[in-house]
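Numbering (my numbering), first residue to last: 279 to 497. Here a beta-carbon is modelled for each residue, glycine too, at the ideal position from N, C-alpha and C. Here is the structure we will look at.
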């Protein structure tokens, strides 16, 4: 199962949603789960120092078609509690290998949650297009909504990051994008503290568990 979390605007919360979903899948499936980082911020959110400087998905792509699919196994970093991370890496992304990466991630025995961010490049677009569940992470602002309408992808669902005082709500988002809001994630001080401490994988805030647990169901 491949789940892609993506956004059209930086700071939408895509990395946090990806990390929490991966952690929830890891608790529920016999093979654990994999968090695939195409945006570059998952190591920090998962509390992993030094990982960003190592080899990762971009290096696998840059190495060309001669590198076997199984080489990704050697790039996995253990996070704990059944969760592994496939880091972004330092290589130059090769657009011709984007669809190959998407196919390899989709075929893995463990659920894969990919953080495509707002600037995942060709690889992020390919992974989001190939995902069995493509989730647009969106803050309720009209600028983000306009950008979502212009995006080259249509999501299979929206994760709405709720904020007090916003005029735009669930119904407006669904009407404009013609896509269901699959979860509403609250912005709270408890969530912010857990994210800042890099503890999301080990201590998922209850508000995020309640919001995202229905999405963490294996196919």
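For the beta strand (DSSP E) containing residue i, name the first residue and the last one.
| i | result |
| --- | --- |
| residue 464 | 459-464 |
| residue 282 | 280-284 |
| residue 414 | 411-416 |
| residue 436 | 435-440 |
Determine the extent of the alpha helix (DSSP H) in which residue i is found, giving its start and end residues.
| i | result |
| --- | --- |
| residue 337 | 335-340 |
| residue 320 | 320-323 |
| residue 422 | 420-428 |
| residue 311 | Taken as a continuous stretch (DSSP letters only), residue 311 belongs to no alpha helix (DSSP H), being part of the beta strand (DSSP E) at 311-315. |
| residue 296 | 292-306 |
| residue 432 | Neither: residue 432 is in no alpha helix (DSSP H) and is coded neither H nor E. |
| residue 481 | Here residue 481 belongs to no alpha helix (DSSP H), and DSSP marks it neither H nor E. |
| residue 467 | 467-474 |
Determine, using beta carbons only, whether residue i and residue j come nearer to each other than 8 Å.
| i | j | result |
| --- | --- | --- |
| residue 490 | residue 329 | no |
| residue 299 | residue 493 | yes |
| residue 280 | residue 409 | yes |
| residue 355 | residue 366 | no |
| residue 304 | residue 310 | yes |
| residue 359 | residue 480 | yes |
| residue 388 | residue 293 | no |
| residue 405 | residue 383 | yes |
| residue 339 | residue 401 | yes |
| residue 325 | residue 353 | no |
| residue 423 | residue 446 | yes |
Under the DSSP definition of a beta bridge, which residues are partnered with residue i?
| i | result |
| --- | --- |
| residue 486 | Residue 486 pairs with nothing; no bridge assigned. |
| residue 493 | Its beta-bridge partners do not exist; DSSP assigns none. |
| residue 455 | Per DSSP, none; premise fails for residue 455. |
| residue 364 | 314 |
If residue i and residue j are in contact, beta carbons under 8 Å, what's the gap, nearest whole angstrom?
| i | j | result |
| --- | --- | --- |
| residue 439 | residue 469 | Actually they do not touch by this definition, with Cβ atoms about 10 Å apart. |
| residue 435 | residue 421 | In fact, because the Cβ distance is near 21 Å, the residues do not count as touching under 8 Å. |
| residue 314 | residue 437 | So it is not a contact: roughly 17 Å between Cβ atoms. |
| residue 444 | residue 418 | 4 Å |
| residue 462 | residue 448 | 7 Å |
| residue 297 | residue 478 | 5 Å |
| residue 429 | residue 286 | 5 Å |
| residue 369 | residue 316 | With a Cβ gap of about 12 Å, residue 369 and residue 316 do not count as contacting. |
So, helix, strand or coil for residue i, using DSSP?
| i | result |
| --- | --- |
| residue 358 | strand |
| residue 406 | helix |
| residue 393 | strand |
| residue 446 | coil |
| residue 383 | helix |
| residue 344 | coil |
| residue 369 | coil |
| residue 378 | helix |
| residue 388 | coil |
| residue 288 | coil |
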